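Heads up: the structure comes next, in structure tokens.
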Amino acid sequence: MSRLGRILPRLSADRPVLRQLAALHGQRDDPELQAVGETVTSEPGRSAELLRRLFYAWLRLDEPAHPASVPAIPIPSQPSSPGTRRVPHEAPMFVTVSVTDDGTVAVDGEVIVRRYPAAQQHGHGPHIASSHLTADRDDPDRRWPRTADVLLVPRGRTAGRPEDDPWCAYAAESSGCGLLAAETEEDGCLALLPDGGRVRVSWLERPAWAAFPVAASAVYAWTVRERAAGTARARPTRSERIAVRAGDLPDAGLLDLAYV
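Pasting the structure below:
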């Protein structure tokens, strides 16, 4: 930009603008401008990687082993809307689940969900040994969505009808994704399954802790994960209801799973 600033003339307030722009247009074939243009590169999505490499080379230091990423900048909350997210994406979480077939008249089973911030887990401790990973599809730290078991797409980043979006458009970048959850109204979600199945998930009883990532993990545990382990029943032809608990909290939520 500094070189361009030295080459290009400044616009003058004393001369007709169109005439000055026409003169600039005729300058496009200038050899010096072409030389500057040849130094311009475009590497979408790689700016953090390339800039870190450059700065560490200048400092004559070895780069860190972990991938370069740009942390999301928190968004100031508005007093009039306390529920506004403070970051532009859902935080990655390691999630452990416990599934039981209840068999009562009221519900078909129960899922207990415990969530741990993934960025704060240094290695796989015993508490997350059998966890699955949930991550926002658009997390700027691409190592999370690329390895996620459950991809999350919050409202505002889905199509008007999430069910119209093909699975491959969302999960192509993730190597082991087993479920994609597109957020719907009132903290529910539309769960998209790798085999083409769709499950519309809604809270019939919604405690204060209820959120669409929790619903997504519960559905993943109830459908995809248990089926992969060979313990799940065949996909039902009717709606199911499962109780959901958040760790040891006493109040339970109730999810309705409508297979579409």
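Residue numbers (our numbering): 91 to 350.
Ideal placement from N, C-alpha and C gives every residue a C-beta, glycine not left out.
Given the structure is predicted, the values throughout are model-derived calculations rather than measurements.
In this structure, Arg331 lies near Leu345, with their beta-carbon atoms less than 8 Å apart.
By the CB criterion at 8 Å, His222 and Asp239 fall inside the cutoff. Taking the Cα positions, Ala147 is about 29 Å away from Gln210.
With a 10 Å radius around the Cβ and a threshold of 16 neighbouring Cβ atoms, Pro164 comes out exposed. Nearest to Glu200 by C-alpha distance, out of Tyr206, Ser188, Asp228 and Val126, is Ser188. Non-local C-beta neighbours of Pro157 in its own chain, meaning closer than 6 Å and more than five positions away in sequence, comprise Arg233, ordered along the chain.
In summary, Arg335 is buried, with 16 or more beta-carbon neighbours lying within 10 Å of its beta-carbon over all protein chains present. The Cβ atoms of Pro244 and Glu273 lie closer than 8 Å to each other. Non-local beta-carbon contacts of Pro178 in its own chain, meaning distances under 6 Å to residues more than five positions away in sequence, involve Ala162 in chain order. Counting the other CB atoms within 10 Å of its CB gives Ser307 a total of 16 or more, which places it among the buried residues. Pairing Leu242 with Asp226, the inter-Cα distance amounts to about 5 Å. Under the three-state reduction of DSSP output, Ile163 falls in the coil class, being neither helix nor strand.
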